[in-house]
Amino acid sequence: MSFSTKVLLGVVVGLLAGLFFGEAAVVFQPVGDVFIGLLQMTVLPYIVVSLLYNVGRLDKGRGLLLVRYGGAVLLMLLLVGVVAIAFAPMAWPERTAGSFFRTSLTQVSQKVDLVGLYVPSNPFESLATSMVPAVVVFCLFLGASLSNEVGKEHVLTVLHVLENALIRLNKLVVRFTPIGVAAVTAHSTGTLTVEELLRMQAFLLSYTVIAFVLAFVVLPGVLAMTTPVTWRRFFRICGGTFLTIFAAGKVLIVLPQLVEHAKELLALGDVDSPEVEQDVEILLPLAYPFPSVGTLTIAIFIPFAAWYLGETLDIQQMATFLAALIPTSFIAPVSSFPFLLDLVGLPTELFELFLVSTVYTDRLRVVVSGIGLVVLTVVAVYWLHGRARIRWKEVARWVPVGLIVVVGTIFVTKLGLTKMVGSQTEGFQQFVHMSLRWPSNPPRLVDASEAEEIPATAHRLMAIKNRGFLRLGIPEDGLPFGFINAEDEPVGMDVELAHILALELGVELEVVRYPAGQATEVLHAQQVDLYGGGIPATPANAAGMMLSAPYMLQTMAFVVPVAERSDFTSVEAMSKLRDLRIGYRSPDDRAALWAEGVVAHAELVTEQSIRPYLRGETDLDAFLIPAEAGAAWTIVYPGYAVAVPLPRIVKVPTVFGLPDSDETWRHFIDQWITLQETSGVLQEVYDYWILGQGAYAGGDRWSILSDVIAPPTQDTDLETPLEFPGLKDEGSIRSPDE
């Protein structure tokens, strides 16, 4: 049995083990960690020793030739990736969507330290922190200095011995690859949740298609059209290592193996002299820290983020994005993507969606990067030795095949996404199907005209227990604190908290909806026990009603059209705006003062609700509203986005409105809020409703062991699983906007 077959068998065994054990597959993680750790232990020493040895024995002219040919091939491969990204949006159907509030909305992007990344001011620190680009730069400079030293032969001999020893050690560890791959795959398969995949299905499918086309058609095609290496020979020699890269999620750990594979591929064309081996040992490790076609094409997430919001990048935005793509690909996506999102005017909080996807996409990315690294090295060395040429017979075979595959995959991908996504807004569907976490004793929705009058009392807590219900008032525009879901049930963060309070008091909960702006009148009329809806603790509200202790903080922000969001994401950008008309909820004078301090020459207009602005019924340019509430509205109206003008972040306490007849009731509510905070309940409710965690089905990861062999018993007291919203027809649901 060949090594590639053994590795593939390890992947299959790992997949089956993950599906069988589910979450219990976490027991395989230590085995996988040990395997990856053993592979990693030789990598940085190998890079240091190999570069010092090979650059140290190289003459200056040879080094310049390697850089020239390698750089030319690298640029060609990166341009292939740019073309792939430019055409990728053609595979996406028309779609709109919104997003829940994300904490990254209020985070100032960290500047990328390019100096620290590439300049080894402390080589030992670079080695300790695995700062590979800086390590390579240090080795290149030290190797170049060594090449000019007299008596360098003694040092080179030692380095050569160390290099061979590290290669043998790496080969020894590689023998255990099938076992290590099986353990890593089992852990990943068992713990990866279906919900994470569903959220990013379009991006995952698109990048999977791009990765497969690049890995199995484009890159092998480039190799076959310019060198004697055929598709079959390429994957027969390198296939096992590529499977290892996929399972481990890292290229660095198999770098010595890739060097040996490149030598084998060059030997197929009788290019196997000691000089050729030296070129490979220099060029491949040298090319590793540079951008790869795999890392570059993962940037398809940027146009996907626009599609996710129901927008498309216009010609100018796409040109700006593509122009910045290659320079920013020198740094990791985790550092460059927030910059690229902001560059094209997209919400940087969408970057968190990308982080969710990396569990899967990183494995494809590193495989494509590994293939690209081998192709770059082999083509450049063939070219350097005068053996690379255009093989027209292979061109005539690969070009038509490539065009058919590309056109076919675009068509099939678009067809598949159209069926998966349909015409519905994913965020909207998820939002309207959210329900309370505790289904027992559900709240009753009571019409304001039919709500029985609550007599004024000085002992409200006792009166609530005697009458058997707690009444909560919410405004009609109270997203996400209080609204009516698709099943005509009152839900939301404040409804959830009131429901918990009612359960603890042993009474039922009544929820009454009132027109926006009537909180003060309703409380003065003693019609409710609590009034929610995300009331900000401002002087104006404090003067009009009795307020509880704050139960959360909200962030002041602007809701603006998606295309104009970049104009409102910084104080500097807003300072350049003129003649703006900004709406804000009345009464909220504190917010108005904050807005006046952020943007000059703006007219502030009081409005009872944000809804007319979102419907296009006003001539406002923006609406001032807490980001937590504004994010929920963008789910219903996905043409809008939330913008926080950084770095001026202002937090506003959020409270319940209370009737002003019972100080004992207010003291009780304040103490109850404190108890919910210290017990962690407030954080759970916040995560569920504000961050949107309640929009996805809960429960343990499915597995054969727990769900087929020993299925769980039904327990009606447990949290009710949520139905995936994409399964319902939009015509059968009720919008929060209604």
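Residues in the sequence shown are numbered consecutively from 1, following the working numbering.
Where a beta carbon is used, it is the ideal one built from N, C-alpha and C, also for glycine.
Keep in mind it's a predicted model, so treat the numbers as computed, not measured.
Just to confirm, is the Cβ distance from residue i to residue j under 7 Å?
i, j, result
"Val432", "Ala486", "yes"
"Thr654", "Gln518", "no"
"Glu510", "Val446", "yes"
"Tyr637", "Pro561", "no"
"Val743", "Gly402", "For the chain, the structure presents residues 1 to 738; residue 743 sits outside this window and is missing."
"Lys414", "Ala91", "yes"
"Phe469", "Gly532", "no"
"Leu296", "Val259", "no"
"Ala186", "Gly18", "yes"
"Arg460", "Asp670", "no"
"Val293", "Gly372", "yes"
"Ile474", "Arg437", "no"
"Val49", "Leu159", "yes"
"Phe623", "Ile610", "yes"
"Thr227", "Ala396", "no"
"Leu51", "Gly151", "no"
"Tyr288", "Glu163", "no"
"Thr377", "Ala305", "no"
Please classify residue i: does DSSP put it in a helix, a strand, or coil?
i, result
"Gly478", "strand"
"Tyr308", "helix"
"Leu19", "helix"
"Leu503", "helix"
"Ser570", "strand"
"Pro746", "Examination of residue 746 is not possible in this model, given that the chain is present from 1 through 738 alone."
"Phe290", "coil"
"Gly345", "coil"
"Ile690", "coil"
"Leu74", "helix"
"Phe176", "coil"
"Ile454", "coil"
"Leu219", "helix"
"Phe321", "helix"
"Val491", "strand"
"Pro626", "strand"
"Val140", "Note that residue 140 corresponds to Leu in the displayed sequence, not to Val. The answer is helix: DSSP assigns Leu140 an H, G or I state."
My guess is that residue i and residue j are in contact by the Cβ rule of under 8 Å, so how many angstroms apart are they, rounded?
i, j, result
"Ala88", "Pro303", "7 Å"
"Glu496", "Trp689", "6 Å"
"Arg648", "Val598", "6 Å"
"Asp621", "His601", "Going by Cβ atoms, the distance from Asp621 to His601 rounds to 12 Å, so no, they are not a contact pair."
"Ala248", "Gly14", "Actually they are not in contact, since the Cβ atoms of Ala248 and Gly14 sit about 12 Å apart, beyond 8 Å."
"Pro220", "Phe242", "Between Phe242 and Pro220 the Cβ distance is about 11 Å, and since that is not below 8 Å, they are no contact."
"Gly657", "Met493", "Not really, about 15 Å apart at Cβ, beyond 8 Å."
"Thr409", "Val80", "At roughly 15 Å, the Cβ-Cβ gap does not stay under 8 Å, so Thr409 and Val80 are not in contact."
"Pro256", "Asn170", "4 Å"
"Ser435", "Val368", "41 Å between Cβ atoms; not a contact."
"Val7", "Thr177", "6 Å"
"Thr361", "Leu204", "7 Å"
Per DSSP, residue i is paired with what?
i, result
"Pro561", "Tyr640"
"Val652", "Gln554"
"Thr606", "Tyr584"
"Gly657", "Tyr531, Leu547"
"Pro539", "In DSSP, Pro539 forms no bridge with anything."
"Arg471", "Glu510"
In or out: residue i buried (at least 16 other Cβ within 10 Å) or exposed?
i, result
"Gln316", "exposed"
"Phe141", "exposed"
"Ser423", "For Ser423, the predicted structure reports a pLDDT of 45, less than 50, and the residue's modelled location is therefore unreliable. The matter cannot be settled from this model."
"Asn466", "exposed"
"Thr244", "buried"
"Leu364", "buried"
"Thr674", "exposed"
"Val229", "buried"
"Phe35", "buried"
"Met76", "exposed"
"Ala595", "buried"
"Pro443", "buried"
"Asn441", "exposed"
"Ile500", "buried"
"Trp398", "buried"
"Lys576", "exposed"
"Thr129", "exposed"
"Leu479", "buried"
"Ala543", "exposed"
"Leu172", "exposed"
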